[in-house]
Amino acid sequence: IFQPNISNAENLQYSLHGSNSDLFTIDSNTGQVTLINYLSDQFYSFKIHISPINKILIIKLTVLDYNNHRPIFSNFPLNLTISSEDIFVTKLSAYDLDASDNENLKFYLLDKNQRNFFSINEKTGIITQNSSSNQTFIRLEIAVSDGLYLTKTHLSITIRYYSKHRPTFSSDEYAFEYNKILGQILAHDSDPDDQIVYKLYLEPDGVTIDPYSGLIMIHRDVFPRTIEFFASASDYAQQIVYTKIRIIFPIQPQFTSNLYFISLTPPMKIP
Numbered sequence: 001i002f003q004p005n006i007s008n009a010e011n012l013q014y015s016l017h018g019s020n021s022d023l024f025t026i027d028s029n030t031g032q033v034t035l036i037n038y039l040s041d042q043f044y045s046f047k048i049h050i051s052p053i054n055k056i057l058i059i060k061l062t063v064l065d066y067n068n069h070r071p072i073f074s075n076f077p078l079n080l081t082i083s084s085e086d087i088f089v090t091k092l093s094a095y096d097l098d099a100s101d102n103e104n105l106k107f108y109l110l111d112k113n114q115r116n117f118f119s120i121n122e123k124t125g126i127i128t129q130n131s132s133s134n135q136t137f138i139r140l141e142i143a144v145s146d147g148l149y150l151t152k153t154h155l156s157i158t159i160r161y162y163s164k165h166r167p168t169f170s171s172d173e174y175a176f177e178y179n180k181i182l183g184q185i186l187a188h189d190s191d192p193d194d195q196i197v198y199k200l201y202l203e204p205d206g207v208t209i210d211p212y213s214g215l216i217m218i219h220r221d222v223f224p225r226t227i228e229f230f231a232s233a234s235d236y237a238q239q240i241v242y243t244k245i246r247i248i249f250p251i252q253p254q255f256t257s258n259l260y261f262i263s264l265t266p267p268m269k270i271p
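Residue numbers for the sequence shown, in UniProt numbering: 1 to 271.
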């Protein structure tokens, strides 16, 4: 690691001082200093004594970290499921055991055909979907590099096409008799894993619906004899359908008067 630039015409002798003998050694005839062990610190200093001229050289070393580790993906998603309408897919993370290389990590999408549908930010590792690939499953070929080493892997993505089918109600019109729980409307969507959200329109105060179960409830006691309003069902793709709801209040029997007079007569005898 070091060679003194001194003529050896005078048969000079070199010796090492102020240094750990486990790290460096010196050739007594040439003055060449050799490293004999791994350096763990960033700075080192030692002296070389030259005789018989009695000269001392002070050597200071600065150790630069050598890039001898590959970058490693961390918290890598094993399986992803996204919608064909999604833009954000995921964010990749990686680290390098060579500390100075962590600031220089870059992410890549290796397959040029996949770049037509997906893109990756080299610095942040954020993957986005540019357009629909019309595939239900894809394995992205991705990599991370520290400038010297390239670590490759595959990212499995399942793509759901929620816009192929719109939801359909099980009935065009629902009729419920009055109760605290009026009833439940139900819609179906043929797109796998799609989610349906229910909503009411023109409903009177006191009537509510659970947006995910379709359960309709009433929170008042006085209403007209018949109530009509509408409900909708929408999916992830914001496709929407409507149905009509009628609430029927059954007519209860009533007395014709609040007070009745009854005359009592002795029992009749039959001859």
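Every residue, glycine too, gets a C-beta built ideally from N, C-alpha and C.
Practice task
Return yes when the Cβ of S190 is within less than 9 Å of the Cβ of L80, no when it is not.
Solution key: Sequence index remark: in the sequence shown, residue 80 carries index 80 (1-based). Sequence index remark: in the sequence shown, residue 190 carries index 190 (1-based). Not closer than 9 Å, so no.
Problem - Rounded straight-line distance, which links the Cα of T151 to that of I245 - result: The count along the sequence shown starts at 1 and reaches residue 245 at position 245. The count along the sequence shown starts at 1 and reaches residue 151 at position 151. So the two alpha carbons sit approximately 59 Å from each other.
Handout entry: Bridge partners - Q184, DSSP secondary structure assignment
Key = Locating residue 184 in the sequence shown gives position 184, counting from the first residue. L215.
Exercise for the section: Taking A143 as part of the beta strand (DSSP E), name the residues at either end of that continuous run. Expected result: Looking up residue 143 in the sequence shown gives position 143. Residues F137 to S145.
Handout entry: Cα-Cα separation between N75 and A143, rounded to whole angstroms
Key = Stepping through the sequence shown from its first residue, residue 75 is reached at position 75. Stepping through the sequence shown from its first residue, residue 143 is reached at position 143. Using only the alpha carbons, I get a separation of about 15 Å.
Practice task
Quick one: grab the DSSP three-state call for D237.
Solution key: Reading the sequence shown from its first residue, position 237 is the one you call residue 237. Note on residue identity: the sequence assigns Ala, not Asp, to residue 237. Residue state, collapsed to three classes: coil.
Handout entry: C-alpha distance - N116 paired with T90, whole-angstrom precision
Key = Taking the first residue of the sequence shown as position 1, residue 116 is located at position 116. Taking the first residue of the sequence shown as position 1, residue 90 is located at position 90. Taking the straight line from one Cα to the other gives about 17 Å.
Exercise for the section: Please say whether N67 and D146 have beta carbons closer to each other than 9 Å? Expected result: Sequence index remark: in the sequence shown, residue 146 carries index 146 (1-based). Sequence index remark: in the sequence shown, residue 67 carries index 67 (1-based). The answer is yes: Cβ separation under 9 Å.
Exercise for the section: Determine the closest residue to V241 out of F169, L110 and K123, with distance taken between C-alpha atoms. Expected result: As a first step, residue 241 must be located in the sequence shown, where it is residue number 241. It is F169.
Practice task
Specify whether the stretch 225 to 241 and the stretch 198 to 214 touch according to this definition: at least 3 beta carbon pairs, one from each stretch, less than 8 Å apart.
Solution key: yes
Handout entry: DSSP three-state assignment for A103, whether helix, strand or coil
Key = Here residue 103 refers to the residue found at position 103 of the sequence shown. In the sequence under discussion, the amino acid at residue 103 is Glu, which differs from the Ala named in the question. Correct three-state label for E103: helix.
Exercise for the section: With K55 as the anchor, note down where its beta strand (DSSP E) starts and where it stops. Expected result: Numbered from 1 along the sequence shown, position 55 holds the residue referred to as residue 55. From DSSP, the beta strand (DSSP E) with K55 extends over K55 to T62.
Exercise for the section: Helix, strand or coil for R246, going by three-state DSSP, please let me know. Expected result: The residue you call residue 246 lines up with position 246 of the sequence shown. Of the three classes helix, strand and coil, the one that applies to R246 here is strand, per DSSP.
Handout entry: C-beta contact flag for S93 and L109 at 9 Å
Key = Start at 1 with the first residue of the sequence shown, and residue 93 comes out as number 93. Start at 1 with the first residue of the sequence shown, and residue 109 comes out as number 109. Contact flag unset, no.
Problem - Burial state of A99, where buried means 16 or more other Cβ atoms lie within 10 Å - result: Mapped onto the sequence shown, residue 99 falls at position 99. The residue is exposed, with fewer than 16 neighbouring Cβ atoms inside 10 Å.
Problem - Local Cβ density within 10 Å of G31, reported as buried at 16 or more and exposed below that - result: By one-based count along the sequence shown, residue 31 stands at place 31. Buried, since its Cβ has 16 or more Cβ neighbours within 10 Å.
Handout entry: Cβ separation of E85 and K106, assumed to be a contact under 8 Å, to the nearest whole Å
Key = Residue 85 sits at position 85 when you count from the first residue of the sequence shown. Residue 106 sits at position 106 when you count from the first residue of the sequence shown. E85 to K106, Cβ: 29 Å. No contact.
Practice task
Measure the CB-CB distance between F176 and I216 and report whether it falls below 9 Å.
Solution key: As a position in the sequence shown, residue 176 is number 176, starting the count at 1. As a position in the sequence shown, residue 216 is number 216, starting the count at 1. Contact: yes.
Exercise for the section: Please say whether I72 and L97 have beta carbons closer to each other than 9 Å? Expected result: Position 97 of the sequence shown, counted from the first residue, corresponds to residue 97. Position 72 of the sequence shown, counted from the first residue, corresponds to residue 72. It is a contact, given that the beta carbons lie within the stated cut-off.
Practice task
Please name the residue in S133, K180 and L182 whose C-alpha comes closest to that of T158.
Solution key: Along the sequence shown, one-based indexing puts residue 158 at 158. The candidate whose alpha carbon is nearest that of T158 is S133.
Problem - Residues near T62 by beta carbon distance below 8 Å, same chain, minus five either side - result: Numbered from 1 along the sequence shown, position 62 holds the residue referred to as residue 62. For T62, where only same-chain residues beyond five positions count, the Cβ hits under 8 Å are Q42 and F43.
Handout entry: Same chain, Cβ closer than 6 Å to K199, five either side skipped, listed in chain order
Key = Within the sequence shown, numbered from 1, the residue matching residue 199 stands at position 199. The residues are S232.
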